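Accompanying notes for the structure given below.
Protein chains: 2
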Amino acid sequence: MSAAAANDAYDRLTACFGRRGTINEAAAVLGWDAATMMPPGGAVARGEQLGVLAGLAHAAITEDEMPDDLAAAEAGIDQLDAWDAANLRLMRHAHTRAAVLPGALVEAQARANSTCEKIWREARRTGDFALVREALDEVISLVREQADGLAGALGLSPYDALMDGYQRGIGVADVGPIFAAYETFLRDALPRAEALQNTRPAPIRPAGPFPAATQEALCRRMSGRAGLEAEHSRLDRSAHPFCGGTPTDVRITTRYDESDFSQSLMGVMHETGHALYERGLPPGFARQPVGEAAGMAAHESQSLIIEMQACRSEPYLAAMASELAASFGPDAAYTGPNLARLLRRVGRGFIRVDADEMTYPAHVILRFRLEQALVSGDLAVADLPGAWNEGMGSLLGVTPPTDTQGCLQDIHWYDGAVGYFPSYTLGAMAAAQLMAAARRALPDIDVALGQADLAPLVGWLRSHVHAQASRYGFNDLLRAATGKPLDPADFTAHLTARYLT
Amino acid sequence: MSAAAANDAYDRLTACFGRRGTINEAAAVLGWDAATMMPPGGAVARGEQLGVLAGLAHAAITEDEMPDDLAAAEAGIDQLDAWDAANLRLMRHAHTRAAVLPGALVEAQARANSTCEKIWREARRTGDFALVREALDEVISLVREQADGLAGALGLSPYDALMDGYQRGIGVADVGPIFAAYETFLRDALPRAEALQNTRPAPIRPAGPFPAATQEALCRRMSGRAGLEAEHSRLDRSAHPFCGGTPTDVRITTRYDESDFSQSLMGVMHETGHALYERGLPPGFARQPVGEAAGMAAHESQSLIIEMQACRSEPYLAAMASELAASFGPDAAYTGPNLARLLRRVGRGFIRVDADEMTYPAHVILRFRLEQALVSGDLAVADLPGAWNEGMGSLLGVTPPTDTQGCLQDIHWYDGAVGYFPSYTLGAMAAAQLMAAARRALPDIDVALGQADLAPLVGWLRSHVHAQASRYGFNDLLRAATGKPLDPADFTAHLTARYLT
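Protein sequences appear in the order of chains X and C.
When we follow the working numbering, the leftmost residue of the first sequence carries the number 719, and every step to the right adds one.
When we follow the working numbering, the leftmost residue of the second sequence carries the number 719, and every step to the right adds one.
Structural data, given as structure tokens:
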């Protein structure tokens, strides 16, 4: 195999992956549109459009020539620089994942997920798990087939093969011990944090109301000051906040509650963190595997370092107090210390997305354990509600009064997404670790935060995280940025400092 | 060839064309987004997304198996019903058009059009034709190559082959005599209409201002009463009004001038006509060639029958006067007769899109003649401004002071769209012919129009035009709906009744 032939093969691969990336960009904009702009009558056609695009993206990297091109390029990998070599390894990985699953299974999953997700909406509304049990059974049974197929091709356990789809290279062996240790930490820390919280004044809730238009203007201003440029972004409304679009056209959404400013503002800062990551990916590798964000846990670390680490820090909250007064008029509630009491409150709730940063991992640990049991077959779908409630009792000492507040609350499983949940907590832990490193590198960071200025932090993230894209795996990315792989000690130290002192 | 094999071949063809249709739907939504929602920084990536989708749509109907499948299906065409047989003929036509052009030419055109269009924006702004001459030369030279290629495959003249791309089956032999006769009509009618207009009171302009939000609410209400359902449509803002999206999710746009209500309102009714056509296409043939609108002239007939025939009729204008007063407050200008004087005013202007319905065809005739000469080579691009101004002098007796008001005003040629312009006037003529037939079928139509109720007219259009989709060609569609092929006498009779009596 000549070097020239290896080069040609690599060039053909980059063209195929570039086409896939471009198709995925189109799908991302259509997905955003479906959640923000599309009239309801367009839903059926949109589903078909996204289905065809998914098929085309899949076809782009499973062409008949691809195995030969991969082998030819790999024979010349020593001639590639570090970025291109990493890209080639990711191409192999993506091809393996894409090529191993039979088309019939992929289609059956798309159908089953779509059916189940629709029934789930009704089941969640009525709290009737029995309604969706059969559909979820079908989804989980197909997920098991998918997991078995991937496991064989990747040399992983079935559940690890699913996790790998969300955060490449991270599995139960990495996460299990970390979560077990966190459970131990939480059993001690949560009662102490609650006791300490109870010794302090109750937070004053600002009177409001908070007109949606004023909230939106404030969100735009704060997001802009965090570095998100209007030239390359949008902020819109949707039922569930998300960050979508593409790196040069990133689109975040939120919803406005006129009795509470904090949901939209903190939500927008969270999505801004995701958006800044996309904006900071290296344009030279746009649409190539190595140019993508490093995974869902890495992505969540970027939203949480903005929302939880920076925007809930004391200096930032003091700056936010002035911004709130300027937007909504003066209120005794708008002081840094009061905002800290309001926005950094621990408590035992039923709902993951409403949880504080200390109890949030308990919600994730529950799901992590249950989904492993669902995939292995140790837990039958019919037994999910009971197992859920038991787990909540054991982890947080509370029992959801209805399945709507229990095992029906999250869309993930009902839409076929199994193995995703750990990313939330891995991201929270990585955010604390990155923040600790950023603080060491930027001694004046609190001065900037005190002016609601995220530029120093975001600049550090740009070079240490965003610009690295998928050059490294999750732990190597952290090692390059912070000197060590994921170390939950920074997260527990952060929680200890914020909630136990 | 067995009937079963022919059936199988036809099924494979419908699958390929369905995939193309779905890809085109995705592209339509992305095109809408680019004009309404996209931040400027997304433009480069969007161009690449649309380019890849165009390539995939092209590939879907030029697969290697398609010629064999077409031949096999055609061998069994007698077994197909009328709709499927028409669909198969249109598949052959679309395949011929798509397959004959070399990929290198298609790409060269995409590049040249995009380059020229960008320069044209600057040239139009500055009135400097010389700036864009070279780029337009390249565009026209490639259009000639395209026309020659299509002409050979379709057995048409090069210019007819271009026209066929916008309104299948209609060429110079159809349009030339009609336009020549219209020129003769206009030479007599326009001075008489002007003289008559001058004997009548000048229209009173309502004082305004017309807040954009109030205009938008009015536009939504009137469009809704015309039959466009919110469940399946959107109304947004864009620099240039258009109708985009897909049949179950149709998206119209307008712009608001706070000193003039009529641009947005009449524009929205125009786009509503286009939208109603898309909404009325038969769902059973969605994404198939036979299920598409019958061409650009047919499409324009549907916008103009709403905007010009129905909404500028005396009974509708009387109803509109009440709506305007309800929206903007009372004003002496809001009477049916005054609105008629205001919105049905003839005059000799430079700008096509601002022209009244009597002089509009002169703008089209000018372009029709000039673009034929450009394609044949009888007219050099360098000589376009002079020929333009000479033509305007001859047709309307006016000379544009600058090329911005002359040959630089329309994007079409600079974007490679040659052969499109005749559709505007064919559509206007077809609208008059369809309205005459609808009046014969619906004797009480003026009662409904007097209540701003377009349901009877739209109902008639639904069955006679919309639901017919591309089952017929342009003239056969008119023949089935009105008893005769395109007959410009209905249009001149309409103009005579409205402007000369």
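Idealized CB from N, CA, C, for every residue including glycine.
Remember, predicted model here, so these are calculated numbers, not experimental data.
- CA-to-CA, the gap between X:R764 and C:N1107 works out to about 47 angstroms.
- Separation of the CB atoms of X:L914 and X:S980 is rounded to 22 angstroms, and the pair is thereby denied contact status at 8 angstroms.
- Interface annotation for the segment 749-762 of chain C against chain X: D751, M755, M756, P757, P758, G759, G760, V762, criterion Cβ-Cβ distance under 8 angstroms.
- A Cβ-Cβ distance of about 21 angstroms is found for the pair C:L1022 and C:G1054, leaving them out of contact under the 8 angstroms criterion.
- Boundaries of the beta strand (DSSP E) harbouring C:T971: 967-972, taken from the DSSP string.
- At a cut-off of 8 angstroms between C-beta atoms, X:T990 does not count as an interface residue with respect to chain C.
- For C:V770, at least one C-beta of chain X is nearer than 8 angstroms to its own C-beta.
- Here the alpha carbons of C:H1184 and X:R829 stand approximately 32 angstroms from one another.
- For X:P1206, the CB contacts under 7 angstroms within the same chain, skipping 5 residues up- and downstream, are I896, A899, Y900, M1147 in chain order.
- Taking the C-beta atoms as reference points, C:L808 is found no nearer than 8 angstroms to C:E792.
- Within the segment 904-935 of chain X, not one residue has a Cβ closer than 8 angstroms to any Cβ of chain C.
- Within the same chain, Cβ atoms closer than 6 angstroms to the Cβ of X:D1164 are found at P1033, the five residues on either side in sequence being excluded.
- For the segment 726-748 of chain X, residues whose beta-carbon sits nearer than 7 angstroms to a beta-carbon of chain C comprise R737, T740, I741, E743, A744, V747, L748.
- Taking 8 angstroms as the threshold, the shortest C-beta distance from C:D782 to chain X does not fall below it.
- It is roughly 13 angstroms from the alpha-carbon of X:E1089 to the alpha-carbon of X:D855.
- Separation of C:V890 and C:A1098 (C-alpha to C-alpha, rounded to the nearest whole angstrom) is 20 angstroms.
- Only residues of its own chain outside the window of five on either side were considered, and among them I858 have a CB closer than 6 angstroms to the CB of X:L1092, listed in chain order.
- Shown here, C:S977 sits in coil according to DSSP, grouped into three states, outside any helix or strand.
- Rounded to the nearest whole angstrom, the C-alpha separation of C:R810 and C:T732 is 12 angstroms.
- Chain X places a beta carbon closer than 8 angstroms to that of C:A948, counting this residue as a contact.
- Scanning chain X for C-beta atoms nearer than 7 angstroms to the C-beta of C:S951 yields P757, reported in chain order.
- Closest in alpha carbon position to X:M940, among X:F960, X:P921, X:E949, X:H988, is X:H988.
- Taking a 10 Å sphere around the C-beta of C:G1109, we find 16 or more other C-beta atoms and assign the residue as buried.
- Of the other Cβ atoms in all chains shown, 16 or more fall within 10 Å of the Cβ of X:G1137; this residue is therefore buried.
- For the segment 893-917 of chain X, not one full-length alpha helix (DSSP H) segment reaches 4 residues or more.
- Under the Cβ criterion of 8 angstroms, X:Q767 is counted among the residues facing chain C.
- For chain X, the residues of the segment 955-975 of chain C that bring a beta carbon within less than 7 angstroms of one of its beta carbons are T964, T966, D967, in chain order.
- About 4 angstroms separates the beta carbons of X:S1019 and X:G1145, which is inside the 8 angstroms limit, making them a contact pair.
- With contact defined as three or more Cβ pairs closer than 8 angstroms, the segment 1123-1134 of chain X and the segment 993-1002 of chain X are not in contact.
- As far as DSSP is concerned, C:G1002 takes part in no beta bridge.
- At a Cβ-Cβ threshold of 8 angstroms, X:W1178 and X:A1198 do not count as neighbours.
- A direct Cα-Cα distance of roughly 11 angstroms separates C:E1025 from C:L1172.
- For C:D1121, no pairing in a beta bridge is given by DSSP.
- Per DSSP, the continuous alpha helix (DSSP H) segment holding C:R1216 begins and ends at 1207-1217.
- For X:G962, the uninterrupted beta strand (DSSP E) run begins and ends at 961-964, by DSSP.
- Residue C:R1059 holds the alpha-carbon nearest to the alpha-carbon of C:D1074 among C:G867, C:R1059, C:R969, C:R1085.
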